[in-house]
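A short write-up of the structure that comes next.
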Amino acid sequence: FDWAMSGSLGTESMALINEKKKENIVYQDTFAAYLNADILIAADVIYDPDAVPSLVAAIKQFLIGNGGYEQQFASSEMNSNNTMKSLDQRQKCAIVATTKRNMKTFELFLRSIDQSCISHINEKTEIWDSIPYIFPCYFVQPRKDIVIHILKARARSNCDKA
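For the sequence shown, full-length UniProt numbering gives the first residue as 1, with consecutive numbering after it.
Encoded structure:
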């Protein structure tokens, strides 16, 4: 940077700083939208054991939001009686489709979810054989290897203190 050499900010440095400020504003808006969403959908994201802790941390951040378990009305919507629903009443969920390619990685994901105060329900997949393929497939993963998880934050009282 030219400001480091001269001791003052040059035009190029100021332009770079202003560009970074704009990027930060976009990031903040995107992150706010992420926290205000009700459903997170992810598919085929569990394949690298090194990425599992970050994935689970991102899911947990989504489920509990900025204010943690005590957050009540940070994001609101109207219920049928035209009164505000609290965050707890419209509990967020994450829907994650996973494959059982590597059982060690799959089990690491399940352990990490359990240790992160996140509950999960595995959806039944018996009906999948009756669902037609929509797009041409060059490799078909057996559908019995696909698991759909519905993830929700557990109540604080049900969390182990680690």
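Note that CB positions come from ideal geometry on N, CA and C, so glycine has one too.
Residues of its chain near residue i, where Cβ-Cβ distance is below 8 Å and the 5 sequence neighbours each way are ignored
i, result
"residue 62", "34, 35, 37, 40, 92, 94"
"residue 46", "52, 55, 96, 98, 99, 105, 106, 109"
"residue 80", "Low confidence applies to residue 80: its pLDDT is 49, below 50, so where it sits in the model is not reliable, and the reading given next is rough at best. Same-chain partners within the cutoff: there are none."
CA-to-CA distance, residue j to residue i, given in whole angstroms
i, j, result
"residue 49", "residue 154", "24 Å"
"residue 116", "residue 148", "19 Å"
"residue 118", "residue 60", "7 Å"
"residue 102", "residue 42", "18 Å"
"residue 32", "residue 134", "34 Å"
"residue 114", "residue 152", "11 Å"
"residue 22", "residue 30", "12 Å"
"residue 171", "residue 19", "Residue 171 is absent from the model: the chain starts at 1 and stops at 162."
"residue 132", "residue 44", "20 Å"
"residue 15", "residue 138", "47 Å"
"residue 122", "residue 28", "33 Å"
Distance CB(residue i)-CB(residue j) smaller than 8 Å
i, j, result
"residue 150", "residue 120", "yes"
Chain-order list of residues whose beta-carbon lies under 6 Å from that of residue i (same chain, five-residue window excluded)
i, result
"residue 112", "52, 56"
"residue 136", "none"
"residue 64", "153"
Subject >> Complete alpha helix (DSSP H) runs within the region 28-74 (minimum length 4 residues, chain order) >> reply: Counting whole runs of 4 or more residues, the region 28-74 contains the alpha helix (DSSP H) stretches 52-64.
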